Amino acid sequence: FALANVGVQGLHPYQPGKPIEELQRELGLTSVVKLASNENPLGPSPLAMAAAQAALKQSHLYPDASGFDLKKKLALKLGVSENQFTLGNGSNDVLDLIARTFLSAGSSAVFSQYAFIVYPIAVQAVGARAIVTPAKNWGHDLDAMAAAIEPDTKVVFIANPNNPTGNYLDRASLSAFLAKVPEHVIVVLDEAYIEFAGVEDFPDGLTFLSKYPNIIVTRTFSKAYGLAGLRIGYGVSSPQIADLLNRVRAPFNVSIPAMSAALAVLDDDDYLIRSQQVNSAGMQQLCAGFEALGLSYIPSVGNFVALELPCDAMPVYQALLKEGVIVRPVGVYQMPKHLRISIGLEHENTRCLNALQKLKSEGV
Ligand code: PMP
């Protein structure tokens with residue numbers, strides 16, 4: 048049996064971390080802290096957990112394929128219509144759906160160097176061409192991205208804030224960019240981390256939708272809402288685009304517990320506020336600690352920060368692992384001197400900083 052020579056053979060697989068218990072065993076440590084996957088360090092919202100648990104009673108049933116209740120609640124909250132939503136098994140699923148709906152061999156997608164790793168995967172998986180533009184100050188160079196659009200370009204992906212760099216595009220820059228994009232090109236505004244971006248000039252992508260119907264805003268319950276394990280996210284677009292995406296979407300792509308938990312966490316304002324507070328306090332703690340150690344980092348508005356080392360990051364990553372601190376190397380993004388560190392609880396951040404201090408004193 049010979050494998051067909053399919054394009055996906057050229058893909059680099061997404062590198063997941065090892066299960067935490069497995070690592071703990073391997074390292075012979077009794078406790079480790081995981082600051083590697085931009086998860087919510089608070090644990091799930093109690094309201095969301097109770098709702099997910101109650102929903103298990105319906106485990107023998109298929110979920111509501113239309114996601115009626117959740118779309119209704121989100122529509123009210125966001126000031127858009129129910130028919131503008133596409134629900135996904137995480138927002139990753141929506142990104143994939145966008146690629147499957149609008150891209151194929153013979154078309155191209157534009158995204159930036161250092162942008163979220165799923166864009167090249169989604170684009171190449173459908174046989175489309177990736178046009179990668181060089182970054183500016185580790186962020187998207189919107190002028191370069193606009194100039195890179197070719198006649199066969201169907202989609203532009205923008206992560207705002209971006210992962211793994213944590214930087215953001217302000218309202219004026221994004222607005223100027225959108226005015227330049229031809230209207231037949233879809234612009235994906237991936238806002239997985241928007242709830243953390245508490246800066247004045249941060250643009251809410253939804254505010255551009257009425258002027259630019261070629262936009263798809265993607266959001267997730269994985270980060271500030273703390274439901275990464277349940278897999279639920281969504282896209283907001285014009286009804287016409289949502290209709291196309293929903294034709295391609297697998298009908299039961301979001302489970303009943305996930306939808307129930309999402310509905311519940313939307314009512315848990317305290318949880319969201321605590322997530323934001325813990326994140327901004329943790330971000331300050333980590334960045335102050337890096338500065339005290341003489342280390343630089345890319346200023347971030349996400350729930351993670353890219354630490355820049357004066358050397359190759361891999362030995363530092365390995366040494367941190369031995370100290371029981373799991374962070375994320377970003378070599379796959381061609382950032383060999385950076386480590387992406389998710390913001391944790393105060394004691395977790397302290398453990399990370401203490402480990403860095405120890406490595407520094409040992410000359411690692
Ligand atoms: N977009 C960005 C920029 C991300 O960093 C992530 C998660 N790492 C996602 C989308 C997808 O998240 P999820 O599928 O959990 O919604």
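So in the numbering used here, the last one in the sequence shown is 411, and the numbering has no gaps at all. Glycine included, every Cβ here is placed at the ideal spot set by N, Cα and C. All values reported here derive from a predicted model rather than from experimental measurement.
Relative to the alpha-carbon of residue i, which residue among the options has its alpha-carbon at the smallest distance?
| i | options | result |
| --- | --- | --- |
| Leu274 | Pro304, Leu121, Lys258 and Phe299 | Pro304 |
| Lys258 | Gly410, Tyr318 and Phe224 | Phe224 |
| Asp116 | Leu313, Pro260 and Pro93 | Leu313 |
| Ala289 | Glu73, Leu74 and Thr133 | Thr133 |
| Arg398 | Glu409, Leu386, Gly410 and Leu333 | Leu333 |
| Asp199 | Glu73, Pro93, Leu386 and Ser154 | Ser154 |
| Leu342 | Leu89, Leu386 and Asp190 | Leu386 |
| Arg294 | Phe149, Arg218 and Asn396 | Phe149 |
| Leu189 | Ala169, Gln160, Lys201 and Pro167 | Gln160 |
| Pro88 | Leu123, Glu370 and Val80 | Val80 |
| Glu230 | Asn130, Asn207 and Pro260 | Pro260 |
| Gly90 | Gln331, Asn130 and Leu277 | Leu277 |
| Leu256 | Leu58, Gln131 and Ser269 | Gln131 |
| Ser269 | Glu86, Leu58 and Arg218 | Glu86 |
| Lys65 | Ala226, Leu74 and Gln331 | Leu74 |
| Val202 | Val127, Gly57, Arg147 and Ser84 | Arg147 |
| Asn139 | Met96, Leu123, Ala206 and Gly126 | Ala206 |
| Leu125 | Val283, Arg218, Leu103 and Lys104 | Val283 |
| Asp217 | Ala226, Asp248 and Val234 | Asp248 |
Can you give the Cα-Cα distance for residue i and residue j, rounded to whole angstroms?
| i | j | result |
| --- | --- | --- |
| Pro346 | Asn326 | 14 Å |
| Pro250 | Val264 | 12 Å |
| Leu412 | Gly137 | Residue 412 lies beyond the residue range present for the chain, which begins at 48 and ends at 411; the question has no answer from this structure. |
| Ile67 | Pro362 | 20 Å |
| Leu82 | Phe351 | 8 Å |
| Phe158 | Ala193 | 10 Å |
| Leu368 | Phe337 | 18 Å |
| Ser285 | Lys118 | 14 Å |
| Tyr109 | Met306 | 12 Å |
| Leu310 | Gly213 | 28 Å |
| Leu232 | Ile262 | This sequence places Val at residue 232; Leu is not what is there. If I take the Cα positions, the gap works out to 9 Å. |
| Gln71 | Glu395 | 16 Å |
| Ala101 | Asn184 | 47 Å |
| Ala112 | Pro357 | 51 Å |
| Ser128 | Gln287 | 12 Å |
| Gln171 | Gly57 | 8 Å |
| Leu221 | Gln365 | 38 Å |
| Val234 | Ala169 | 15 Å |
| Gln331 | Pro298 | 43 Å |
| Ala226 | Ala219 | 11 Å |
| Leu103 | Ser322 | 26 Å |
Less than 8 Å separating the beta-carbons of residue i and residue j?
| i | j | result |
| --- | --- | --- |
| Tyr281 | Arg266 | yes |
| Gly391 | Asn210 | no |
| Leu402 | Val372 | In the sequence on display, residue 402 carries Ala and not Leu. Taking 8 Å as the Cβ cut-off, Ala402 and Val372 qualify as a contacting pair. |
| Ala177 | Tyr215 | no |
| Val19 | Ile196 | The requested residue 19 is not part of the displayed model; the chain covers only 48 to 411. |
| Leu292 | Leu144 | yes |
| Ile320 | Val301 | no |
| Ala308 | Ala98 | yes |
| Phe204 | Ala162 | yes |
| Tyr380 | Ile241 | no |
| Val374 | Ile388 | yes |
| Glu409 | Gly329 | no |
| Asp237 | Leu142 | yes |
| Ser84 | Tyr318 | no |
| Ala95 | Asp316 | no |
Excluding the five sequence neighbours on either side, which residues of its own chain have a C-beta within less than 7 Å of the C-beta of residue i, listed in chain order?
| i | result |
| --- | --- |
| Ser106 | none |
| Gln404 | Leu340 |
| Pro383 | Asp359 and Ala360 |
| Ala182 | Ser159, Gln160, Tyr161 and Asp188 |
| Ala180 | A small correction: the amino acid at residue 180 is Thr; Ala does not occupy that position in the sequence shown. Excluding residues within five positions, the ones whose Cβ falls inside 7 Å are Val157, Ser159, Gln160, Asp188, Ala191, Met192 and Ala195. |
| Leu76 | Gly371 |
| Tyr344 | Cys334, Phe337, Val352, Ala353, Leu354 and Glu355 |
| Lys407 | Leu340 |
| Ser78 | Gly371 |
Using a Cβ-Cβ cutoff of less than 8 Å, which residues in the same chain neighbour residue i once the five nearest sequence positions on both sides are dropped?
| i | result |
| --- | --- |
| Ser151 | Val173, Gly174 and Ala175 |
| Gly114 | Phe132, Leu134, Val301 and Met306 |
To which residues of the same chain is residue i closer than 6 Å at the C-beta, ignoring the five residues directly before and after it?
| i | result |
| --- | --- |
| Leu400 | Gly336 |
| Pro167 | Ala177 |
| Pro208 | Tyr215, Tyr240, Ala244, Val348 and Gly349 |
| Gly186 | Asn214 |
Entirely within the segment 87-165 and at least 4 residues each: give me those alpha helix (DSSP H) ranges in chain order. 93-102, 115-125 and 138-149
Mind listing, in chain order, the continuous alpha helix (DSSP H) runs of no fewer than 4 residues lying wholly within the segment 190-240? For secondary structure counted as the alpha helix (DSSP H) over 4 or more consecutive residues, the segment 190-240 holds these complete runs in sequence order: 218-227.
Those residues, in chain order, that have a beta-carbon closer than 6 Å to some heavy atom of the ligand ATP: Looking at this structure, you won't find the ligand ATP anywhere; what it does contain is the ligand PMP.
Can you give, in chain order, each stretch of the beta strand (DSSP E) that sits fully within the segment 259-308 and has at least 3 residues? 262-267 and 280-283
Every unbroken beta strand (DSSP E) within the segment 354-404, with a cutoff of 3 residues, ordered by chain: 385-389
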